[in-house]
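Protein chains in written order, with the numbering used here: chain Z, 140 to 226; chain B, 34 to 213.
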């Protein structure tokens with residue numbers, strides 16, 4: 140079992156929801172709130188899969204959070220500029 | 034938990050055995066938007082996790098997706114610090130120029146809305162004063178170069194079309210003389 144703690148002030152709620160929904164088919168994900176954090180407990184029968192899913196889920200949630208801030212007029216465009224992407 | 038050579042140990046911690054490096058940054062130096070921008074550029078190479086170490090301090094954990102030794106971790110930290118500085122600077126430029134960007138965008142969007150409708154023209158206030166024209170760009174040739182005496186004199190008001198034609202011919206002749 141791998142525990143992932145995502146700070147609610149740093150990761151968007153919708154981003155976490157969407158990331159969990161995307162990775163739910165790949166592992167069992169239990170979710171609860173602990174103070175400022177959303178705690179995700181990821182389990183899988185396959186060795187190493189839970190840890191991999193947890194890390195990928197965290198990356199996905201961060202990406203969605205940055206893109207969400209970009210969409211509402213934040214300075215998330217900085218990331219796209221830095222990557223040489225254009226929207 | 035060890036320190037990374039060349040990096041301040043109060044800010045950078047490395048767990049080489051687990052292939053992970055952690056950087057703690059002050060939010061007053063690197064705003065949250067800069068942290069998002071900088072870390073976003075690493076998610077193709079590393080697993081990135083953000084957390085709050087303190088109310089004004091952010092903890093960034095990078096775990097390379099492929100095996101990395103101490104030198105590789107040090108390179109990742111250095112690259113992240115450079116990216117943080119770059120994004121913080123860009124963030125400040127955006128903040129300072131936000132009003133200009135919004136004004137230019139507003140003009141571009143309003144121009145793209147197309148010509149006004151008849152209803153909008155009907156509501157338009159045509160009594161507004163015309164724009165200032167100190168160089169006389171908006172004046173016709175006749176208004177700009179008419180002779181003062183001819184225009185002000187009583188004969189000018191009653192001058193027939195033929196007189197006006199003679200005046201133009203005289204002006205044309207003068208122009209040709211000047212150009213020669």
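From the three backbone atoms N, C-alpha and C, an ideal C-beta is built for every residue, glycine too.
Residue i, DSSP secondary structure in three states
i                      : result
residue 173 of chain Z : strand
residue 100 of chain B : coil
residue 59 of chain B  : strand
residue 74 of chain B  : coil
residue 177 of chain B : helix
residue 206 of chain Z : helix
residue 152 of chain B : helix
residue 109 of chain B : helix
residue 170 of chain B : coil
residue 144 of chain B : helix
residue 158 of chain B : coil
residue 116 of chain B : helix
residue 150 of chain Z : coil
residue 157 of chain Z : helix
residue 195 of chain Z : helix
residue 165 of chain B : coil
Bridge partner(s) assigned by DSSP for residue i
i                      : result
residue 182 of chain Z : Z:167
residue 90 of chain B  : B:59, B:87
Cβ neighbours of residue i in the same chain (closer than 8 Å, five flanking residues each side left out)
i                      : result
residue 52 of chain B  : 96, 97, 100, 101, 106
residue 90 of chain B  : 57, 58, 59, 60
residue 123 of chain B : 67, 70
residue 172 of chain B : 166
residue 195 of chain Z : 162
residue 183 of chain Z : 165, 166, 167, 189, 192
residue 203 of chain Z : 151, 153, 154, 157, 158
residue 157 of chain B : 149
Delimiting residues of the beta strand (DSSP E) encompassing residue i
i                      : result
residue 84 of chain B  : 79-87
residue 143 of chain Z : 141-146
Contacts of residue i in chain C (Cβ-Cβ under 9 Å)
i                     : result
residue 85 of chain B : Absent from the structure is chain C; the protein chains it does hold are Z and B.
Own chain partners of residue i with C-beta closer than 6 Å, once the 5 adjacent residues on each side are dropped
i                      : result
residue 201 of chain Z : none
residue 141 of chain Z : 181, 189, 190, 193
residue 143 of chain B : none
residue 120 of chain B : 67, 70, 71
Sequence-distant residues of its chain with Cβ nearer than 7 Å to residue i (five each side left out)
i                      : result
residue 190 of chain B : A caution first: residue 190 of chain B carries a pLDDT of 47, below 50, which makes its placement in the model unreliable, though a value can still be read off. The answer is none, since no qualifying residue turns up.
residue 155 of chain Z : 145, 177, 200
residue 75 of chain B  : 81, 95, 113
residue 79 of chain B  : 95, 96, 97, 98, 109
residue 143 of chain Z : 179, 181, 193, 196, 197
residue 148 of chain Z : 175
Continuous alpha helix (DSSP H) stretch holding residue i: start and end
i                      : result
residue 130 of chain B : Counting along the chain, residue 130 of chain B falls outside any alpha helix (DSSP H), and DSSP gives it neither H nor E.
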